[in-house]
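Per the UniProt record's numbering, numbering through the sequence shown is continuous, rising by one, with the last residue being 93.
In this text, a Cβ means the ideal position worked out from N, Cα and C, and glycines have one as well.
This structure is a prediction, so every number in the text was calculated from the model and none was measured.
Okay, so here's the structure we're looking at.
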Amino acid sequence: MKFRIFIFIVVIFYTLPKELDALKCYQCADCPSDSTNFGIEENCANHEQFCSKTVKRVMGMSKISRDCAMTCTEGTYHILGVDSDSYCCKDDL
1 MKFRIFIFIV
11 VIFYTLPKEL
21 DALKCYQCAD
31 CPSDSTNFGI
41 EENCANHEQF
51 CSKTVKRVMG
61 MSKISRDCAM
71 TCTEGTYHIL
81 GVDSDSYCCK
91 DDL
């Protein structure tokens with residue numbers, strides 16, 4: 001009987017949603033540039049270990065995107081007239 005209870009507990013433990021310990025990041029494709037609205041809170045997939053934020057600037061206009069990412073490289077890039085800054089973190093939100 002005790003063995004059945006043990007097996008039951010093990011099965012329950014392994015079938016719990018993995019979202020309980022998943023990284024949480026904000027997600028949006030065209031976030032507002034104000035500091036009060038960061039997008040929607042999302043639980044990242046287990047293979048996504050980073051929160052990323054990208055700020056793109058073209059002709060004085062900025063576009064911000066936030067998402068979960070498998071890999072992330074911080075830096076400043078200048079490609080075809082587009083300035084882009086990438087930021088990464090491994091902490092929730």
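Under three-state DSSP, which class holds residue i?
{"i": "K90", "result": "coil"}
Measure the Cβ-Cβ separation of residue i and residue j and say whether it is below 9 angstroms.
{"i": "D67", "j": "L23", "result": "no"}
{"i": "G81", "j": "M59", "result": "yes"}
Can you check which of these residues, the options, is closest to residue i by C-alpha distance?
{"i": "T36", "options": "L80, Y26, Y87", "result": "Y26"}
{"i": "E42", "options": "S33, E74, D21", "result": "D21"}
{"i": "A69", "options": "L80, A45, Y77", "result": "A45"}
Keeping to the same chain, check which residues put their C-beta closer than 6 angstroms to that of residue i; ignore five residues upstream and five downstream.
{"i": "I2", "result": "The residue you asked about is not Ile; residue 2 is Lys in the sequence shown. Within the same chain, K2 has no close Cβ partners at all."}
{"i": "A29", "result": "S65"}
{"i": "C88", "result": "F50, S52, C72, E74"}
{"i": "S86", "result": "T54, E74, G75"}
Hey, how far is the Cα of residue i from the Cα of residue j?
{"i": "E74", "j": "I40", "result": "22 angstroms"}
{"i": "D83", "j": "F50", "result": "22 angstroms"}
{"i": "K56", "j": "T76", "result": "10 angstroms"}
{"i": "S33", "j": "K63", "result": "7 angstroms"}
{"i": "C31", "j": "H47", "result": "24 angstroms"}
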